[in-house]
Amino acid sequence: MDHACPSSLPIELVLYIFDIAADISRQSILSLCLIASWAYEIYLPRLLRVVDLTSDRQSRDFMARLSTERIEDRLSHVRTLWVDRSVQHAQHNPALQAHNMPRLRHLSAPYSLFTAMSLFRAVEPAVGLQVVLSGDVPELALCMRALWDGHALPRVTDTNNEYNLDMPVLNAITHIQLTCPAMGWRSPVFLCANLTHLAMPFVGVMGFNNPIRSLQMMVFVVPSYRSLPTHWDCRMRVVQARRLGRAIFSVTEVDERSKEQWLEAVSGRYPSIWERAKLQTELLEQLYEQCSGNWDAIQTLWQERSSKDDPTLSAISGRGLTPRLRRP
């Protein structure tokens, strides 16, 4: 095919049409970009900004389509990478390495993939990487053991209670979201020197005395399926901790974390978990002052506002918001 776009249409309109087509079928547009050189030149960098791998077959197809010829060039466009827990192929793919993704800023992956990515050994990413680590407690335990015992990453040493780890990717991480508690002293979150935001499930009073010096925002997440008393136990403790000057927040997740929710938040089309936590905590503090610390009254007011589709509560949950539409 010709290297030039065989059309007299303005490039902005071509990109707009491709955006619509990509929303319908990203695979079809990816195929076109890898076959037609003109499509590759004008759209593949845009398409590869977000890569979501939800199955082993999709992961294999994706890497096969990219081929190995220009793999470094093509993966260098990736800014957001989602890898589902069911994907095993990605863990053993030598091409999926961090030095091939220097622009990577958002990563959502299973704990096992994070440690298996020997890809993170010799890369110096810019500070600003935001990570979501998914899985359950046993998986996280294995992740920590790999970090500390050096099975997947260089060995960690402990000298005078200070951690020494020559691991650039850990220094690049600024935001971490965990799907299970990880506040033990042997947790990898304590090895991230530039960590400013940490979100994790609420498990009671653990973690309120936060020893991470760089942390600016700690968010405790209460899944919607947990009992109502658990929600209010978390909120009460958060407000009390904040009155002592701690940068602690809380948020209730309406649904289980999904790829769609995460990608929408990463794109800025919906509020991030950090934005929602700030909104919820600010509202709690307002109600605390209004009710003079009477938690029964606070719960009553909260429930009244929830039943009336209060815009603040809708923003906290991500409900009632209209996604921004693409424009040419």
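Position one of the sequence shown corresponds to residue 452 (the numbering used here), numbered consecutively onward.
Glycine residues also receive a C-beta, built at the ideal position from the N, C-alpha and C atoms.
Everything numeric in this text was worked out from a predicted model, so none of it was measured.
Strand pairing of residue i, partner residues [DSSP]
{"i": "residue 533", "result": "503, 559"}
{"i": "residue 517", "result": "In the DSSP output, where bridge partners are listed per residue, residue 517 has none listed."}
{"i": "residue 580", "result": "624"}
{"i": "residue 699", "result": "669"}
{"i": "residue 711", "result": "None, per the DSSP bridge assignment."}
{"i": "residue 648", "result": "626, 668"}
{"i": "residue 704", "result": "674"}
Residue of the options minimising C-alpha distance to residue i
{"i": "residue 668", "options": "555, 628, 679", "result": "628"}
{"i": "residue 703", "options": "622, 556, 685, 505", "result": "685"}
{"i": "residue 719", "options": "464, 531, 510, 755", "result": "531"}
{"i": "residue 626", "options": "559, 751, 507", "result": "559"}
{"i": "residue 501", "options": "646, 552, 539", "result": "552"}
{"i": "residue 643", "options": "739, 713, 582", "result": "582"}
{"i": "residue 687", "options": "522, 715, 738", "result": "738"}
{"i": "residue 710", "options": "757, 743, 561", "result": "561"}
{"i": "residue 694", "options": "722, 664, 740", "result": "740"}
{"i": "residue 497", "options": "472, 515, 512, 514", "result": "472"}
{"i": "residue 697", "options": "675, 722, 664, 721", "result": "664"}
Cβ distance (whole Å) where residue i is taken to contact residue j below 8 Å
{"i": "residue 480", "j": "residue 469", "result": "6 Å"}
{"i": "residue 724", "j": "residue 650", "result": "6 Å"}
{"i": "residue 555", "j": "residue 529", "result": "6 Å"}
{"i": "residue 504", "j": "residue 535", "result": "6 Å"}
{"i": "residue 679", "j": "residue 666", "result": "Actually they do not touch by this definition, with Cβ atoms about 29 Å apart."}
{"i": "residue 533", "j": "residue 713", "result": "7 Å"}
C-beta atoms of residue i and residue j nearer than 9 Å
{"i": "residue 730", "j": "residue 753", "result": "no"}
{"i": "residue 557", "j": "residue 717", "result": "yes"}
{"i": "residue 490", "j": "residue 483", "result": "yes"}
{"i": "residue 517", "j": "residue 494", "result": "no"}
{"i": "residue 681", "j": "residue 673", "result": "yes"}
{"i": "residue 736", "j": "residue 690", "result": "yes"}
{"i": "residue 547", "j": "residue 526", "result": "yes"}
{"i": "residue 700", "j": "residue 732", "result": "yes"}
Buried or exposed by the 16-neighbour rule on C-beta atoms within 10 Å, applied to residue i
{"i": "residue 584", "result": "buried"}
{"i": "residue 630", "result": "buried"}
{"i": "residue 654", "result": "exposed"}
{"i": "residue 524", "result": "exposed"}
{"i": "residue 510", "result": "buried"}
{"i": "residue 727", "result": "buried"}
{"i": "residue 692", "result": "buried"}
{"i": "residue 749", "result": "buried"}
{"i": "residue 464", "result": "exposed"}
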